[in-house]
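Contents: one structure, followed by commentary.
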Amino acid sequence: MTFKIFITGVTGYIAGDALYVLARKYPDFEYSALVRSEGSAAKVRAAYPAVRVVLGSLDDADLLRREAAWADLVLHAADASDHEGAARAIAAGLVEGHSEARPGYWLHTGGNGILTYFDTVEDRLGQPSDRVFDDLDGVEVLTSLPDEAFHRNVDKIVLECGVAHASTVRTAIVCPPTIYGNGRGPVSGRSRQCYEMAKVILTRGYIPIIGTGQAKMGDVHIQDLTEAYVLLIEAALSGNASPELWGARGYHLTVTGEHTWGPLARTMAVKAQEMGLVKSDGELAEYKMDKEEALKTAGFEAISWGLNARCKGLRLPKFLGWKAEHPSLEEEVPGILRSEAERLGLL
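Residue numbers (full-length UniProt numbering): 1 to 347.
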């Protein structure tokens, strides 16, 4: 029987890149993809004629339920960490459509924003932190964060589904940090945090710094992140039901590196000048931002330049051999600047 995958978010950065790899590596799989508009659907069909496009939105609960029941595996990446209704619909469909003889798998895309909880409650922005999370010995900390934590409401739906229906639905939360690198999807291949920082440097000609600039966050190349999804899909395909991958302990921090926001901004600025993308008689000036100004400058992406989300991704390396294969964030800085300059018409 052909393995069936339902994907949300293929017009976006994460799932777009995942589909690019899956369609080439497993062309005989059956794929269905949720797409919101006919214009985007045409681009998906042009790139992947064999993919069954499903027109609809995350608010279409009945549609999501039907597709989740149909699929052997759901890869949910479209506003996955914040849309509670979509998560409930996917959970319901997986439960309704699967059995112990034919279990369903759910790869849910979370986000490291949940790890910024302590900065938020302690009213700390742009300050260093020694708190480091890990998904191996510290997985219970991740799965029991306070209900007020960013993304926690949706995480709970996924975790509860994977525990209450462990024999029929196997869930894994994939929790990426700052992502970088050009995506290979049919519509959008752009990430946010680092690219918005590059945009500010290129268009405003200053170095954005939040607080002391010493907040730290994990990072991962988009192609390494995609490999994490592929490895989990291959585990599902092989029937690997290890409790170290799914359910109560199925929480995977897909992090391969760490950066400090202030030094990253300075590195970007120096490289932008070296590449001739910013004209200046001397070094670019640093511009200190508070929360309100950061929001006005680049929305929540700019706020994140002052938040800590330090973590170690140990579970996937230990149980599936996942590792970094692509350039580090610092090595990718010229590529980030170049792609953003091209998007802005500066090249």
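Don't be surprised by glycine CBs; every beta carbon is placed ideally from N, CA and C.
Buried or exposed by the 16-neighbour rule on C-beta atoms within 10 Å, applied to residue i
{"i": "residue 93", "result": "buried"}
{"i": "residue 320", "result": "buried"}
{"i": "residue 302", "result": "buried"}
{"i": "residue 152", "result": "buried"}
{"i": "residue 67", "result": "buried"}
{"i": "residue 371", "result": "Because the chain here runs from 1 to 347, residue 371 falls outside it and cannot be looked at."}
{"i": "residue 332", "result": "buried"}
{"i": "residue 34", "result": "buried"}
{"i": "residue 99", "result": "exposed"}
{"i": "residue 339", "result": "buried"}
{"i": "residue 263", "result": "exposed"}
{"i": "residue 374", "result": "Since the first residue of the chain shown is 1 and the last is 347, residue 374 is not available in this structure."}
{"i": "residue 227", "result": "buried"}
{"i": "residue 1", "result": "exposed"}
{"i": "residue 239", "result": "exposed"}
{"i": "residue 46", "result": "exposed"}
{"i": "residue 204", "result": "exposed"}
{"i": "residue 344", "result": "exposed"}
For residue i, three-class secondary structure by DSSP
{"i": "residue 37", "result": "coil"}
{"i": "residue 197", "result": "helix"}
{"i": "residue 318", "result": "helix"}
{"i": "residue 305", "result": "coil"}
{"i": "residue 74", "result": "strand"}
{"i": "residue 172", "result": "strand"}
{"i": "residue 178", "result": "strand"}
{"i": "residue 334", "result": "helix"}
{"i": "residue 17", "result": "helix"}
{"i": "residue 67", "result": "helix"}
{"i": "residue 60", "result": "coil"}
{"i": "residue 22", "result": "helix"}
{"i": "residue 270", "result": "helix"}
{"i": "residue 84", "result": "helix"}
{"i": "residue 187", "result": "coil"}
{"i": "residue 278", "result": "coil"}
{"i": "residue 167", "result": "coil"}
{"i": "residue 295", "result": "helix"}
{"i": "residue 323", "result": "coil"}
{"i": "residue 339", "result": "helix"}
{"i": "residue 160", "result": "helix"}
{"i": "residue 329", "result": "helix"}
{"i": "residue 45", "result": "helix"}
Nearest neighbour of residue i, chosen from the options [CA to CA]
{"i": "residue 58", "options": "318, 7, 104, 26", "result": "7"}
{"i": "residue 147", "options": "119, 114, 124", "result": "114"}
{"i": "residue 198", "options": "186, 185, 180", "result": "180"}
{"i": "residue 329", "options": "261, 345, 296", "result": "261"}
{"i": "residue 257", "options": "54, 218, 304", "result": "218"}
{"i": "residue 285", "options": "268, 123, 88", "result": "268"}
{"i": "residue 347", "options": "81, 103, 278", "result": "278"}
{"i": "residue 9", "options": "139, 270, 55, 322", "result": "55"}
{"i": "residue 144", "options": "249, 105, 166", "result": "249"}
{"i": "residue 3", "options": "28, 23, 44, 14", "result": "28"}
{"i": "residue 108", "options": "158, 133, 64", "result": "158"}
{"i": "residue 140", "options": "324, 344, 315, 322", "result": "315"}
{"i": "residue 60", "options": "297, 193, 39, 84", "result": "84"}
{"i": "residue 293", "options": "211, 259, 15, 169", "result": "211"}
{"i": "residue 373", "options": "81, 79, 223, 214", "result": "With the chain represented from 1 up to 347, any question about residue 373 goes unanswered, as that position is not in the structure."}
{"i": "residue 89", "options": "334, 106, 221", "result": "106"}
{"i": "residue 70", "options": "207, 78, 96", "result": "96"}
{"i": "residue 275", "options": "176, 336, 50", "result": "336"}
{"i": "residue 327", "options": "221, 246, 15", "result": "221"}
{"i": "residue 31", "options": "46, 11, 73, 12", "result": "73"}
{"i": "residue 233", "options": "174, 128, 282", "result": "174"}
Any non-hydrogen atom of the ligand MG closer than 7 Å to residue i Cβ
{"i": "residue 232", "result": "Only the bare structure without any ligand can be found here, which leaves the ligand MG out of the picture."}
Opposing strand residues paired with residue i [DSSP bridges]
{"i": "residue 32", "result": "6, 52"}
{"i": "residue 311", "result": "133"}
{"i": "residue 288", "result": "209"}
(request) Any chance you could list the alpha helix (DSSP H) runs of at least 4 consecutive residues sitting entirely within the segment 199-267, in chain order? (result) 222-237
(request) Counting only runs of 3+ residues fully inside the segment 90-158, write out the beta strand (DSSP E) ranges in chain order. (result) 104-109
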